[in-house]
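Participant: My structure is below; once you've seen it, I'll send some questions.
In the numbering used here, the protein residues as written are 103 to 392.
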């Protein structure tokens with residue numbers, strides 16, 4: 103595809119929505135400063151209970167996260183996505199088949215000792231697993247799913263200002279959209295996913311840009327990936343809040359998800375040979391980030 107070649111700095115900006123908000127007469131405070139002063143976020147208590155990069159949300163912050171999850175799930179359902187609440191533990195083989203490396207050095211995934219289970223880093227994994235080893239009829243595609251789950255990530259290598267506060271944490275809530283479709287449908291459905299993301303973030307009043315991500319930032323499964331980065335006044339920079347990826351048949355081959363093409367009218371020959379589907383995924387809402 104027309105993917106920019108190179109590192110993240112080579113990614114192309116496709117669209118910019120809104121403008122940076124000006125704060126006249128005072129300096130913008132970051133979310134951590136505001137959250138702690140208003141008794142909304144508590145990292146100190148969570149550090150004592152669980153460890154660093156965990157947190158408690160209190161008062162309006164707890165209600166805001168629940169509202170964002172409900173809002174984003176509602177938007178997905180209105181566009182034909184089936185709502186699901188997914189398991190937060192999956193077998194190692196499912197995680198690997200989705201393109202993740204749970205046992206590699208500097209892995210982003212937590213494993214469970216004396217078990218073949220891992221904590222999920224995204225609902226994409228159990229959503230993909232839900233259709234593993236399936237033979238689907240073409241007439242039932244695309245199959246659109248919206249899953250709510252907890253995400254657990256080691257954030258290995260994340261440090262400094264870029265990971266301050268809630269931006270890079272070990273646990274968060276997320277609504278993930280996942281699509282199973284024919285190869286002919288996948289390009290248009292990638293655009294649908296990014297359109298849903300843009301619609302939500304515009305309605306939330308965010309200033310953001312849409313990026314066509316360069317080849318070195320795609321990861322193993324993705325054939326094409328668009329990121330949404332929002333302006334974060336307290337941090338003085340843009341930060342990723344969402345992404346949408348077309349994985350073509352990378353996950354389908356490993357998860358063994360096939361479809362049977364519909365027969366042409368009047369064709370009395372034997373049924374067409376099955377083929378691998380395409381899979382796509384996109385973040386509807388990652389709780390702490392918007």
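Where is the CB? At the ideal position from N, CA and C, for every residue including glycine.
Please report the distance separating the alpha-carbon of residue 392 from that of residue 234.
Facilitator: Indexing the chain shown from 1 puts residue 392 at position 290. Indexing the chain shown from 1 puts residue 234 at position 132. For residue 392, the predicted structure reports a pLDDT of 49, less than 50, and the residue's modelled location is therefore unreliable. A value from the coordinates is still provided. Each residue's alpha carbon lies about 32 Å from the other.
Participant: Would residue 331 and residue 325 qualify as a contact pair, given that the criterion is a beta-carbon distance under 8 Å?
Facilitator: Here residue 331 corresponds to residue number 229 of the chain shown, with the count starting at 1. Here residue 325 corresponds to residue number 223 of the chain shown, with the count starting at 1. No.
Participant: Are the Cβ atoms of residue 161 and residue 141 separated by less than 8 Å?
Facilitator: As a working mapping, residue 161 is identified with position 59 in the chain shown. As a working mapping, residue 141 is identified with position 39 in the chain shown. Closer than 8 Å, so yes.
Participant: Below 8 Å, can you find three or more Cβ-Cβ pairs linking the segment 301 to 308 to the segment 316 to 324?
Facilitator: Short answer: they don't touch.
Participant: Decide if residue 107 is buried, meaning its Cβ has at least 16 other Cβ atoms within 10 Å, or exposed.
Facilitator: Position 5 of the chain shown, counted from the start, is the residue given in the question as residue 107. The residue is exposed, with fewer than 16 neighbouring Cβ atoms inside 10 Å.
Participant: Measure from the alpha carbon of residue 218 to the alpha carbon of each residue in 192, 300, 355, 203, then state which is nearest.
Facilitator: Within the chain shown, residue 218 is the residue found at index 116, counting from 1. The option with the nearest alpha carbon to residue 218 is 192.
Participant: Taking only three categories from DSSP, how would you classify residue 112?
Facilitator: Stepping through the chain shown from its first residue, residue 112 is reached at position 10. Correct three-state label for residue 112: helix.
Participant: Please report how far the alpha carbon of residue 133 lies from the alpha carbon of residue 239, in whole angstroms.
Facilitator: Residue numbering aside, residue 133 sits at position 31 when the chain shown is read from its first letter. Residue numbering aside, residue 239 sits at position 137 when the chain shown is read from its first letter. Cα-Cα distance, rounded: 48 Å.
Participant: Report buried or exposed for residue 164, applying the criterion of at least 16 other Cβ atoms within 10 angstroms of its Cβ.
Facilitator: As a working mapping, residue 164 is identified with position 62 in the chain shown. It is exposed - the Cβ of residue 164 has fewer than 16 other Cβ atoms within 10 Å.
Participant: When DSSP labels each residue in this structure, what does residue 297 get in the three-state scheme?
Facilitator: Here residue 297 corresponds to residue number 195 of the chain shown, with the count starting at 1. Here residue 297 sits in helix by DSSP.
Participant: Provide the residue(s) that pair with residue 346 in DSSP beta bridges, ordered along the chain.
Facilitator: Stepping through the chain shown from its first residue, residue 346 is reached at position 244. Bridge partners of residue 346: 328, 384.
Participant: Can you tell which of 334, 114, 274, 229 has its C-alpha closest to the C-alpha of residue 183?
Facilitator: Stepping through the chain shown from its first residue, residue 183 is reached at position 81. Looking at the Cα atoms, 229 is the closest of the given residues.
Participant: Here's the rule I'm using: 16 or more other beta-carbon atoms within 10 Å means buried, otherwise exposed. How should residue 373 be labelled?
Facilitator: For this step, residue 373 is matched to residue 271 along the chain shown. Label assigned to residue 373: exposed.
Participant: Is it right to say residue 152 is buried, meaning 16 or more other beta carbons lie within 10 angstroms of its own, or is it exposed?
Facilitator: The count along the chain shown starts at 1 and reaches residue 152 at position 50. Label assigned to residue 152: exposed.
Participant: Is residue 314 closer than 8 Å to residue 328 when the C-beta atoms are compared?
Facilitator: By one-based count along the chain shown, residue 328 stands at place 226. By one-based count along the chain shown, residue 314 stands at place 212. Yes, they are a contact pair.
Participant: Which ranges does the alpha helix (DSSP H) cover as unbroken runs of at least 4 residues, wholly within the segment 123 to 163, from first to last along the chain?
Facilitator: Complete alpha helix (DSSP H) runs here, min 4: 133 to 139, 145 to 151.
Participant: So is residue 238 in contact with chain B if we call contact Cβ pairs under 8 Å?
Facilitator: As a matter of chain content, chain B is missing from the structure shown, which is built from one protein chain.
Participant: Please determine, among 293, 245, 223, the residue with the shortest C-alpha to C-alpha distance to residue 277.
Facilitator: The residue given as residue 277 occupies position 175 in the chain shown. The candidate whose alpha carbon is nearest that of residue 277 is 223.
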